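Below you'll find the structure, written out as structure tokens, and then a few comments.
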Amino acid sequence: MQSAMAYVAPAGTPISIGDLAAGIGAGFAGERALRELRAFFASHSGQAHCWPVASGRAAMTLILRAMKKLAPHRTEVLMPGYTCYSVPAAAARAGLTPRLCDIDPGTLGMDPDALRKSDLSNVLAIVTSNLYGLPNALADIESIAAENGVLMLDDAAQSLGATLGPRAVGGFGDAGLYSFDKGKNITTFQGGVIVCRSGRLAEEIGKLWDALPDARSLETLAYVIKLSLYAVMLRPTLYGVVQRMPGLGLGQTIYETEYPIARYSGALAGLALRLAQRLDELNATRVVNARRLEQALAGVAGVRTIRRSEAAHAVFARYPLCAMTAESREAVVGALNRAGVGATRSYPQALIDVPEVSRALPRNNPDQPGARLAARCIITLPTHAYCPADLPSRVRTVVESALRGM
Ligand SMILES: *Cc1c(COP(=O)(O)O)cnc(C)c1O
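For reference, each letter of the sequence shown is one residue, going 624 to 1029 in the working numbering.
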């Protein structure tokens, strides 16, 4: 029997007491943990350099600031019309203007045809999204960027461990980033890394990173406490309680440009390293859970799955699917949540409808029907290790009955 309060969190990384103890222990040798973390991510991404920073947003801001030094006359960042609000916020923080490329709602990535038609004349860099652990058409995006003399930033904040062909997501283009925030592939509550190949961009990023302040130790202590709570609370029986607590801001999406741009904490690096070393196991669990959800939902009329290329190995930080209409999405998400399943509507708006973004767009920014459709119809389902074995069949039953009741 499922207890009445039990709730399967939308996303998460199982952190054991052993992980915490070993991670914090290694964190006391913070310099060494940071060094090993840098080596891990450089090797994982296939890029030459890695710099650990306070968050994925900080990583993106620093990369864009460095890119700006290479081509100071270019002022726009081309990004997918449907992605995390941190992306346009980071562009703004770097003193740059967003330009949107519409997405294909069938793949949730930038539509390569829309990208080819984009006005790149003032574009400094193209940013990918790789949402939910699904690789974008990265090889196409990489060649379009190269053909047009535009830089490429591969945002793998949700795709650590995903690959396209033989290459790691996050390792395409000129620079990339990974995030350790809540709900990402691995988490230390906050943190992220920049990866970059050699050359002038790496020199500029290195200079900016050298000048960054260190993580503040009091903040770090607060994160260690939060992490211990997180490790326990992710279990469905307890998450049911946490989820009802006001003021935690769980699952909220806000446009925020005021965030610390600092180095990553050495105290947290030990835990990040330990989780990174368990990455294959963590991702394998999510992949199996995603496949079971996909099979359970295969015959259900009224929802559609997201297309992936043959060469893509997705890691499913969450399992995304689409309802056919906004109304059926509301019915499905509402019913799943009442049944204790952390289904989400993901980002509430296409970027073109976020006031801070739309105000900053260039005049000739194209319309965004694909991004708007995704914002109205997307549903994400949990894939983490605390998903109960009967989740796929429960999801199927709830989805079918919600759609019948329409
Ligand atoms: C989370 C996220 C970021 C920002 O990472 P933070 O560590 O939360 O600052 C950037 N891009 C995408 C696609 C994300 O999901």
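We put the beta carbon where it would ideally sit given N, CA and C, even for glycine. Quick caveat, the model's predicted, so the values are computed rather than measured.
Could you tell me whether any Cβ in chain C is nearer than 8 Å to the Cβ of residue i?
i    : result
Y853 : Judged by its chain identifiers, the structure shown contains no chain C, having just a single protein chain.
In three-state DSSP terms, what is residue i?
i     : result
C1010 : coil
R790  : strand
S802  : strand
T967  : strand
Y942  : strand
V977  : coil
C1000 : helix
A748  : strand
G815  : strand
M733  : strand
R823  : helix
A632  : coil
M1029 : coil
H667  : helix
A935  : strand
V773  : coil
T908  : helix
E953  : helix
P675  : strand
M624  : With a pLDDT of only 42 at M624, under the threshold of 50, the placement of this residue in the model should not be trusted; the figure read from the coordinates follows. Coil.
I884  : coil
P758  : coil
Give every residue of the same chain whose Cβ lies closer than 7 Å to the Cβ of residue i, excluding the five residues on either side of it in the sequence, and list them in chain order.
i     : result
M775  : A748, I749, I764, E765, A768, F795, G796 and D797
N753  : N759, D778, A779, Q781, S782, A785 and V792
H936  : A785 and T786
P985  : E699, T720 and R722
N745  : R697, T698 and E699
T876  : Y708, Y970 and P971
A629  : P859, T860, G863 and G963
A634  : G806, A940, R941, P1005 and H1007
G1030 : Nothing can be reported for residue 1030, as the shown portion of the chain is limited to 624 through 1029.
Buried or exposed: which applies to residue i, given that a residue is buried once 16 or more other Cβ atoms fall within 10 Å of its Cβ?
i     : result
M690  : buried
N987  : exposed
A1012 : exposed
P675  : buried
R697  : buried
F664  : buried
A845  : exposed
E699  : buried
I686  : buried
E881  : exposed
G718  : exposed
F803  : buried
I828  : buried
P695  : exposed
P789  : exposed
I640  : exposed
Express the C-alpha separation of residue j and residue i in angstroms, rounding to a whole number.
i     : j     : result
V818  : A632  : 30 Å
L1004 : T751  : 22 Å
Q991  : L896  : 39 Å
C1000 : Y801  : 27 Å
A921  : L643  : 38 Å
V955  : T706  : 22 Å
V923  : R1019 : 8 Å
D736  : D727  : 10 Å
M1029 : M733  : 32 Å
M856  : R1027 : 34 Å
I809  : A983  : 33 Å
R867  : N960  : 12 Å
A997  : D725  : 11 Å
L701  : V977  : 16 Å
N894  : L831  : Note that residue 894 is Leu in the sequence shown, not Asn. Answer to the nearest angstrom: the Cα atoms are 25 Å apart.
P836  : V816  : 15 Å
Starting from the C-beta of residue i, find all residues in its chain whose C-beta is less than 6 Å away, skip the five residues before and the five after it, and write them out in chain order.
i    : result
N771 : L743
A645 : R897
L850 : F812
L916 : Y942, L1004 and P1015
Is residue j closer than 8 Å to residue i when the C-beta atoms are compared?
i    : j     : result
Y708 : Y970  : yes
Q670 : R820  : yes
R680 : A714  : no
A966 : A1025 : no
A940 : R909  : yes
G704 : A949  : no
V926 : V1022 : yes
A834 : Y887  : no
L731 : I929  : yes
D657 : A934  : For the record, residue 657 in the displayed sequence is Leu; it is not Asp. Going by C-beta atoms, L657 is not nearer than 8 Å to A934.
N912 : C1010 : yes
R716 : T684  : yes
Excluding the 5 residues flanking residue i on each side, which residues of the same chain have their C-beta closer than 8 Å to its C-beta?
i    : result
A662 : C673
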